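A.B. asks: Numbered per my numbering, the sequence shown spans residues 1 to 128.
No residue lacks a Cβ here, since even glycine has one placed at the ideal position from N, Cα and C.
Note that the structure is predicted; figures quoted are calculated from it, not measured.
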Amino acid sequence: MAKKYEVYKCEDCACIVMLMDAGSEDLLCCGKNMIHMPEQTADSSKEKHVPIIKKIDGGFEVKVGSIPHPMLENHWIQWIELVVDGQRMLRELGSSDEPKAYFSCSIENPKKVAAREYCNIHGLWRGE
Ligand SMILES: [Fe+2]
1 MAKKYEVYKC EDCACIVMLM DAGSEDLLCC GKNMIHMPEQ TADSSKEKHV
51 PIIKKIDGGF EVKVGSIPHP MLENHWIQWI ELVVDGQRML RELGSSDEPK
101 AYFSCSIENP KKVAAREYCN IHGLWRGE
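Structure below.
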């Protein structure tokens with residue numbers, strides 16, 4: 001069963017969806033089940049993907065990777081998402097952007113801050 005905010009990808013057309021609510025059926029695209037993209041949390045390869053969150057004046061900065069992730073035409077970070085106490089914000093990136101995003105946020109002392117990012121090759125990653 002698909003859960004709220006899970007990410008799925010179609011192997012054929014590369015369509016990516018994020019669920020805005022849970023569903024009881026499999027997700028289909030191009031006539032096939034879509035692939036669930038799990039939230040990965042630990043890097044083992046030399047390329048680094050785990051988002052790193054930093055509190056800054058007026059919000060947060062999220063960088064992708066302890067070493068900046070490459071931003072190439074065939075391999076890049078497609079989006080970065082930040083969730084602050086349930087407030088969900090998303091920035092889309094292009095291959096010529098830096099692998100980071102700034103998010104304005106007026107919540108002073110949040111209880112929970114988490115970020116996810118999506119690499120077009122290595123999938124979904126989460127950091128807190
Ligand atoms: Fe990657």
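Quick check: the region 96-109 against the region 120-128, are there 3 or more CB pairs under 8 Å?
C.D. replies: The answer is no - the region 120-128 does not touch the region 96-109, with fewer than three Cβ pairs under 8 Å.
A.B. asks: Please look up how many angstroms separate the CB atoms of E25 and W79, rounded, as I've assumed it's under 8 Å.
C.D. replies: In fact, because the Cβ distance is near 25 Å, the residues do not count as touching under 8 Å.
A.B. asks: Is the beta carbon of D21 less than 8 Å from the beta carbon of K4?
C.D. replies: For D21 and K4, yes; Cβs fall inside 8 Å.
A.B. asks: Which residue's Cα is closest to the Cα of A42: G31, K55, V64 and L27?
C.D. replies: Closest by alpha carbon: V64.
A.B. asks: What residue from E81, M1, G58 and P68 has the CA that sits closest to I107's CA?
C.D. replies: Considering only alpha carbons, the answer is G58.
A.B. asks: Mapping the DSSP letters down to three states, classify C30 as helix, strand or coil.
C.D. replies: Coil at C30, not helix or strand.
A.B. asks: DSSP beta-bridge partners for Q87?
C.D. replies: Answer is V84.
A.B. asks: Decide if C119 is buried, meaning its Cβ has at least 16 other Cβ atoms within 10 Å, or exposed.
C.D. replies: Per the 10 Å Cβ criterion, buried.
A.B. asks: Among all residues, which have a Cβ less than 6 Å from at least one non-hydrogen atom of ligand 1, and in what chain order do they fall?
C.D. replies: Residues flagged by the Cβ proximity filter: E47, H49, H69, H75, C119, I121 and H122.
A.B. asks: Starting from L124 and walking both ways along the beta strand (DSSP E), at which residues does that stretch end?
C.D. replies: Residues G123 to G127.
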